[in-house]
Amino acid sequence: MYLEKVTLYGFKTFRTETELLLSPKVTCIVGPNGSGKSNIVDGIRWALGEHRLSFLRASSMEDLIFSGSAFKKPLSVASVKLTFNNEDRTFPVVNTPRVSIERRIYRSRESGYFLNGNPIRLQDVMKIFYSAGIFNHMYAIVSQGKVSEILLAKPEQKKNLIEQVA
Amino acid sequence: MYLEKVTLYGFKTFRTETELLLSPKVTCIVGPNGSGKSNIVDGIRWALGEHRLSFLRASSMEDLIFSGSAFKKPLSVASVKLTFNNEDRTFPVVNTPRVSIERRIYRSRESGYFLNGNPIRLQDVMKIFYSAGIFNHMYAIVSQGKVSEILLAKPEQKKNLIEQVA
Amino acid sequence: AKEEFEKTLSGVEKYFAEFFRKMFKGGEASIERIFDEYDEVSGIEISVRLPGKRKQSLPLLSGGEKSLTALAFLFAIFKVKPAPFYVLDEVDAALDEENVVKFSELLSEESSFAQFVVITHNKETMQRADMLYGITMQEDGISKAVSLKLV
Amino acid sequence: AKEEFEKTLSGVEKYFAEFFRKMFKGGEASIERIFDEYDEVSGIEISVRLPGKRKQSLPLLSGGEKSLTALAFLFAIFKVKPAPFYVLDEVDAALDEENVVKFSELLSEESSFAQFVVITHNKETMQRADMLYGITMQEDGISKAVSLKLV
Ligand SMILES: Nc1ncnc2c1ncn2[C@@H]1O[C@H](COP(=O)(O)OP(=O)(O)OP(=O)(O)O)[C@@H](O)[C@H]1O
Ligand SMILES: Nc1ncnc2c1ncn2[C@@H]1O[C@H](COP(=O)(O)OP(=O)(O)OP(=O)(O)O)[C@@H](O)[C@H]1O
Ligand SMILES: [Mg+2]
Ligand SMILES: [Mg+2]
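Residue numbers (the working numbering), protein chains in the order written: chain W, 101 to 266; chain S, 101 to 266; chain B, 986 to 1136; chain X, 986 to 1136.
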């Protein structure tokens, strides 16, 4: 099971639909300051269910939707879709060779999830992630400037991390 | 008035006396990870009177003294000397063309200051720094990883910074 | 649950020591358990000794040394409890040329067992990419992704 | 004291806007005063609009954009209330190649009025040095400083 594709539409600076096909091994993302690289990371976090604004570098959920630029008007919807290769059926509850999980948010409305294009409740998509070993592995996403943060944690917090992992 | 020379002896990884002659314009310091570059910055801060351990990357004052390595025993004294060019007599109370201010610390003893080699009390050396426009300019020293910290400060803290500067 | 914790912790300690020694070409790293008054583990602390130096508390380490130590610890966790994929955003920022090579070697080795998405400005790290994307922003404030050929 | 504050603040705002526009080749930056119920300034906030983009709150900025904005602000403070010397430790770490050039140009220009000690891993920043020191550590765990010739 691996993440085959990340599709962003209307998410932060990705106003136009952008598809990133990932290697099962190492995919590198490069580019100038402010081009949108970390926005991709925010998008992946958010699609996996992150709700803490500080982890999404936003002051409100609406900040996730393209808010316009000097030449373009704002959009009213943002979406991030993660497409997993499920040929080894690691997702036990979904029996398709590819599993796409999309999270969508509209201005002044709750965000919603879609599994293979069909609406699904938040708690059900969290169950699916959990069964595939995702989501409880938020330590698997290291944000910019945060790599050494684990060392600064108090002994109790370090123990907590190991407990979460276990 | 400019900083002509920084002399470290026994301070952190500078076990042997090290003299750095500075350009009145731009001096760059380079080297591998862990070679001692930021230790020089800690040394300058400390010599200017910094006492907050978090700003000196230490858990106790004794951490400032060379604590030994795989092949060398620890030292019992550390010293950092700042030599200023005072040909324009910016230091109003000292009438020498060069002014050297040295801070020394011994294990389990208070640190002491020396002006041109003679003992001087902490409050008097702080007065000399203040008169030369140093020390109240701790914003003039930007530690590693801290450059963007000013942006994260609350509005009240940002106002405080401007008040300190004014 | 307590058994699971112990099993996980000793696995992490084993790989942490191994990755640390590999990345620093020497030295030692271990995890110390801290006990409360009931003899229960209340916390854990990371303890390192860099090659040529003495054991030192973490605040004293340099920026690059902290990054490399944290990466050894993180990759140990990845090894013991694998996740389907990992996303690393500029984790090599504080590393000098020599240490970036060590990190990128670790990345290459571990990618035979796991999928990595790595954001970087560093040419050495880029060399390890099986796929490479360049993100650009035009004057219109919109991000654009371009698949780049690896040379 | 309140006059001194106002005078300093408007000076900082003027240079901040100027350095910001120069480093970002466009856009706008200003400082907003926040008033309390007695109409006294209780806080100030930095407000920026990057070229091609809309005005955005600081948390949304990228790592490099934050560094460059902070440097424009800091150098504005240096300009209004000069200190005898400045020490900058790896302030260019998050900047891409193009932005490192902008920072090093600002450094060169301001060094005709002030003294800078700059720690860096970056070759472009090193080019601006009038004096260059290489710090190394032998196996004995002791730092050694070597004066390097500028090529
Ligand atoms: N909702 C939004 N609408 C429009 N622009 C946004 C939105 N959210 C964030 N941005 C912009 O995205 C940019 C930040 O992008 P990002 O953090 O991905 O950059 P980056 O490529 O990681 O850069 P760096 O190399 O400096 O880390 C900022 O300029 C910010 O203003
Ligand atoms: N009192 C001391 N005695 C011996 N070694 C010390 C002492 N204090 C700090 N050190 C060592 O100094 C090293 C850190 O040096 P420093 O932070 O100056 O590195 P640096 O050159 O800035 O590296 P980087 O490029 O990674 O930022 C650490 O290895 C630390 O163990
Ligand atoms: Mg980024
Ligand atoms: Mg350093």
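For each residue, glycine too, the CB sits at the ideal point set by N, CA and C.
Straight through space, the alpha carbons of B/E1075 and B/V1131 are spaced by roughly 19 angstroms. Following the DSSP letters along the chain, one finds X/I1127 in no alpha helix (DSSP H), marked with neither H nor E.
The residue from B/D1125, B/E1124, B/Q1123 and B/K1134 with its alpha-carbon nearest to that of B/M1111 is B/K1134.
Annotation for B/A1014: the continuous beta strand (DSSP E) segment containing it runs E1013 to F1020.
Where B/I1029 is concerned, the enclosing beta strand (DSSP E) starts and stops at V1026 to R1034. Excluding sequence positions up to five before and after W/G212, its CB lies within less than 7 angstroms of the CB of R204 and P219, all in the same chain and listed in chain order.
For the C-beta of B/R1039, not a single chain W residue is nearer than 7 angstroms; the gap to the nearest is close to 18 angstroms. Proximity of the beta carbon of B/S1047 to ligand 2 is indicated: a heavy atom of the ligand is located closer than 7 angstroms. By the beta-carbon neighbour count (other beta carbons within 10 angstroms, threshold 16), W/D224 is exposed. Comparing alpha carbon positions, the residue from S/K258, S/E104, S/E249 and S/S179 closest to S/G149 is S/S179. The C-alpha of X/G1037 lies about 22 angstroms from the C-alpha of X/Y1000. Counting only Cβ-Cβ distances below 7 angstroms, X/Y1023 has no contacts in chain S at all, with the closest Cβ about 15 angstroms away. Inter-segment contact for the stretch 1114–1122 of chain B and the stretch 1029–1045 of chain B is absent: fewer than three beta-carbon pairs are separated by less than 8 angstroms. Distance from the CA of B/F1005 to the CA of S/E119, rounded to the nearest whole angstrom, comes to 33 angstroms. Straight across, the Cα-Cα distance linking B/V997 with B/V1065 is about 6 angstroms.
As the crow flies, the alpha-carbon of X/A1002 is around 48 angstroms from that of W/G217.
Shown here, B/F1063 sits in a helix according to DSSP, grouped into three states.
Going by beta carbons, S/P255 and X/I1062 fall outside the 8 angstroms limit. Residue contact check for X/G1048 against chain W: a CB pair falls below 8 angstroms. S/N185 and B/N1107 have their C-alpha atoms some 41 angstroms from each other.
Along the stretch 1080–1099 of chain B, the positions whose C-beta sits under 9 angstroms from a C-beta of chain S are L1080, D1081, E1082, E1083 and N1084, read in chain order. Nearest to W/F155 by alpha-carbon distance, out of W/V242, W/P192 and W/V177, is W/V242. Taking a 10 Å sphere around the C-beta of X/S1089, we find 16 or more other C-beta atoms and assign the residue as buried. Minimum Cα-Cα distance from W/L122 among the listed residues W/G233, W/K112, W/I144 and W/S135 corresponds to W/I144. Among the CB atoms of chain X, none fall inside 8 angstroms of the CB of B/G1119. P174: these are the residues of the stretch 174–190 of chain W whose beta carbon lies less than 9 angstroms from some beta carbon of chain X, given in chain order. Burial is judged here by how many other beta carbons sit within 10 angstroms of a residue's own beta carbon; B/K1010 has fewer than 16 and is exposed.
Approximately 22 angstroms separates the beta-carbon atoms of S/G131 and S/I165; this is outside 8 angstroms, ruling out the contact. Going by DSSP, B/A1099 is part of no beta strand (DSSP E) at all; its letter is neither H nor E. At a threshold of 7 angstroms, B/L1035 counts as near ligand 2, since its beta carbon sits closer than that to one of the ligand's heavy atoms.
Contact annotation for X/L1035 against chain W: G134 [CB-CB distance below 7 angstroms, chain order].
Selection W/A266, W/L252 and W/P197 evaluated against S/S159 yields W/L252 as nearest (Cα-Cα).
Taking 9 angstroms as the upper bound on Cβ-Cβ separation, chain X lies near residues L153, S154, R157, A158, S159, D163, S167, G168, S169, A170, F171 and P174 of the stretch 150–174 of chain W. Interface annotation, X/S1015: not in contact with chain W, CB-CB separation never under 8 angstroms. Taking a beta-carbon distance threshold of 8 angstroms, S/N218 does not count as an interface residue toward chain X.
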